[in-house]
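Notes for the one structure printed next.
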Amino acid sequence: MYSIHDEEKIKEFIKEIKEQAFRYAQIENAIYKNNITNFDEITTISKWIREMLKEKFFYSSLEIDHVVTWENGQTTKILFKTKDGYFVESVIMRHLTGRNTLCVSCQVGCPMACSFCATWKLGLKRNLEYYEILDQIMEAVNILASEWKILRNIVYMWMGEPMLNYENVKKSIDIATNQKKLNLANRRVTISTCWIVPGIKKFMTDFPQTSLAISLHAPDDEIRKQIMPVDNTYPLSELMKVIDEYTAITNKRVFYEYIMIQWVNDDLQLAYKLAELLKGKLAHVNFIPYNPGEWVSSDWYKPTSRIIIEKFQKILEKVWVVSTIRATMWDDIDAACGQLANKKEE
Ligand code: SF4
Numbered sequence: 001m002y003s004i005h006d007e008e009k010i011k012e013f014i015k016e017i018k019e020q021a022f023r024y025a026q027i028e029n030a031i032y033k034n035n036i037t038n039f040d041e042i043t044t045i046s047k048w049i050r051e052m053l054k055e056k057f058f059y060s061s062l063e064i065d066h067v068v069t070w071e072n073g074q075t076t077k078i079l080f081k082t083k084d085g086y087f088v089e090s091v092i093m094r095h096l097t098g099r100n101t102l103c104v105s106c107q108v109g110c111p112m113a114c115s116f117c118a119t120w121k122l123g124l125k126r127n128l129e130y131y132e133i134l135d136q137i138m139e140a141v142n143i144l145a146s147e148w149k150i151l152r153n154i155v156y157m158w159m160g161e162p163m164l165n166y167e168n169v170k171k172s173i174d175i176a177t178n179q180k181k182l183n184l185a186n187r188r189v190t191i192s193t194c195w196i197v198p199g200i201k202k203f204m205t206d207f208p209q210t211s212l213a214i215s216l217h218a219p220d221d222e223i224r225k226q227i228m229p230v231d232n233t234y235p236l237s238e239l240m241k242v243i244d245e246y247t248a249i250t251n252k253r254v255f256y257e258y259i260m261i262q263w264v265n266d267d268l269q270l271a272y273k274l275a276e277l278l279k280g281k282l283a284h285v286n287f288i289p290y291n292p293g294e295w296v297s298s299d300w301y302k303p304t305s306r307i308i309i310e311k312f313q314k315i316l317e318k319v320w321v322v323s324t325i326r327a328t329m330w331d332d333i334d335a336a337c338g339q340l341a342n343k344k345e346e
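Residue numbers (the numbering used here): 1 to 346.
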């Protein structure tokens, strides 16, 4: 069986059954433009073609196991079950500005072992296929369409490290941004990486229009090594070198995510170091107050207070580095990445 997103296989199938080539455009329109969610509703093709399609293709590779929406309706977390029985999560964030964003998973679990994250506790089970990433996106498109809303942004930042599943992530972006398919603007797609340097190099050549976010979380190697083991392989100096290359090629602002954990990476000395590191660069820092929850490895971690985060912002302002504080929309739905999947595995 093949995925409905496999254009080549559908085209082969149309030839095999001796139908005309334009049938593909009809099927493509139904899937991506008309929010049709099963074969029986593709009424632009005849019933016998639909029946034959069902024998060779599956419409979605994921089954919805659980949907939780935060009480003010801004955040929805979807827990999916894969065909081989694993659990992955996506999160829809409806911003008051009308900007609807989806965070997608690209791996089942994650091998990177960041100490503040629940996902790595699952270990890496496997990479998601491109169509499993797309099916998360399709589900969000359909949920939002039922509310008369449009999905505007996709961020590859939930379960897994996108640069470790590069080919599947790449193929899913190609389909999501294809004008005949989901037609999302390239600049509205963001890849968030915990700084796998070779991946960033490939990414800037393949996707100069797509946005890049770096999980920075500390402006020096000593602290980074404590919370993100990846720093042992790719130290800060190497990362900043590749980011300079990225900016030279794309002229795009890089987003830096900084999870604020009390007494771990929120000493004001670090704010000055951060300012020094990013001074003069095209940078936007997104401070994320740590989200305490079950399944996160270090039980004693606590979020930094708003007052301290604002002090960090003031220090960055002095060197003209823009920053924002991410709203914590989701504390009560186990919304730090991997928390629902961990519960389910248990
Ligand atoms: S923060 Fe991201 S890269 Fe780190 S363990 Fe969690 S999912 Fe993996």
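Even for Gly, the Cβ is constructed at its ideal location relative to N, Cα and C.
Since this is a predicted model, take the numbers as computed values, not measurements.
| task | Report yes if the C-beta of S323 is less than 7 Å from at least one heavy atom of the ligand SF4; otherwise report no. | result | No, the beta carbon of S323 sits no closer than 7 Å to any heavy atom of the ligand SF4.
| In chain order, what residues of the same chain lie with their CB nearer than 7 Å to the CB of D332, ignoring the 5 residues before and after it? | In this prediction, D332 scores a pLDDT of 49, lower than 50, which makes its location untrustworthy; no coordinate-derived value is stated.
| Does DSSP classify F87 as helix, strand or coil? | It is a strand residue.
| Using the rule of at least 16 other Cβ atoms within 10 Å of the residue's Cβ for burial, across every protein chain shown, is E87 buried or exposed? | It should be pointed out that residue 87 corresponds to Phe in this sequence rather than to Glu. Its Cβ being crowded by 16 or more others within 10 Å, F87 is buried.
| message | Taking its Cβ as the centre, do 16 or more other Cβ atoms sit within 10 Å of N186, making it buried, or is it exposed? | response | exposed
| request: List in chain order the residues whose CB is within less than 5 Å of at least one heavy atom of the ligand SF4. | output: C110, M112, C114, C117, T119, W120, E161 and C194
| A271 (DSSP reduced to helix, strand or coil) | helix
| message | Taking its Cβ as the centre, do 16 or more other Cβ atoms sit within 10 Å of F203, making it buried, or is it exposed? | response | buried
| request: Take every Cβ of the segment 281–293, pair it with every Cβ of the segment 222–237, and state whether three or more of those distances are shorter than 8 Å. | output: The way I'd put it, the segment 281–293 doesn't touch the segment 222–237; fewer than three beta-carbon pairs between them come closer than 8 Å.
| message | Between the alpha carbons of S60 and Y32, how many angstroms are there, rounded? | response | So the two alpha carbons sit approximately 13 Å from each other.
| said: Quick test of your reading: I133 and S172, contact by CB under 8 Å. State the CB separation rounded to the nearest angstrom. | reply: With a Cβ gap of about 4 Å, I133 and S172 count as contacting.
| Would you call the CB atoms of I143 and I154 closer than 8 Å? | no
| task | Could you have a look at D6 and say whether DSSP puts it in helix, strand or coil? | result | coil
| field | Beta-carbon separation (whole angstroms), A283 vs I315, contact threshold 8 Å | value | The Cβ separation is near 14 Å, so there is no contact.
| said: With three or more C-beta pairs closer than 8 Å as the rule, is the segment 273–282 touching the segment 298–310? | reply: no
| said: Could you tell me the alpha carbon to alpha carbon distance between W158 and D174, rounded to whole angstroms? | reply: 19 Å
| Exposed or buried, which one is G199 when buried takes at least 16 other CB atoms within 10 Å? | Flag for G199 reads buried.
| request: Report back the beta-carbon spacing between I92 and L79 to the nearest angstrom; my notes put them in contact at under 8 Å. | output: 13 Å between Cβ atoms; not a contact.
| Count the other CB atoms within 10 Å of the CB of L124; is the residue buried (16 or more) or exposed (fewer)? | buried
| field | Beta-carbon proximity list for K47, same chain, < 7 Å, skipping 5 on both sides | value | Here K47 has no same chain residue with a Cβ atom under 7 Å from its own Cβ, once five neighbours each way along the sequence are excluded.
| task | Label L151 either buried or exposed according to how many other C-beta atoms from any shown protein chain fall within 10 Å of its C-beta, with 16 as the threshold for buried. | result | buried
| said: Please state the DSSP three-state secondary structure of G98. | reply: coil
| field | Given V108 as reference, the closest of N100, R99, T119 and G98 once Cα atoms are compared | value | T119
| query | Helix, strand or coil for K77 per DSSP? | reply | strand
| request: Taking all protein chains shown into account, decide if H5 is buried (16 or more other Cβ within 10 angstroms of its Cβ) or exposed. | output: buried
| field | Under the three-state DSSP convention, the category E161 falls into | value | coil
| query | Does DSSP classify Y234 as helix, strand or coil? | reply | Of the three classes helix, strand and coil, the one that applies to Y234 here is coil, per DSSP.
| field | Environment of V67 [buried if 16+ CB atoms lie within 10 Å] | value | exposed
| query | Do the CB positions of E139 and N168 come within less than 8 Å of each other? | reply | The criterion of a C-beta distance shorter than 8 Å is not satisfied by E139 and N168.
| message | So for R126, helix, strand or coil by DSSP? | response | strand
| request: Going by CA-CA distance only, name the one from E19, N29, N35 and L268 that's closest to I146. | output: For the sequence presented, residue 146 should be read as Ser rather than Ile. Answer by Cα proximity: N35.
| query | Can you tell me whether A248 is buried or exposed, with buried defined as 16 or more other CB within 10 angstroms of its CB? | reply | exposed
| Boundaries (first-last residue) of the alpha helix (DSSP H) holding L151 | Where L151 is concerned, there is no enclosing alpha helix (DSSP H), although the beta strand (DSSP E) it sits in stretches over L151 to Y156.
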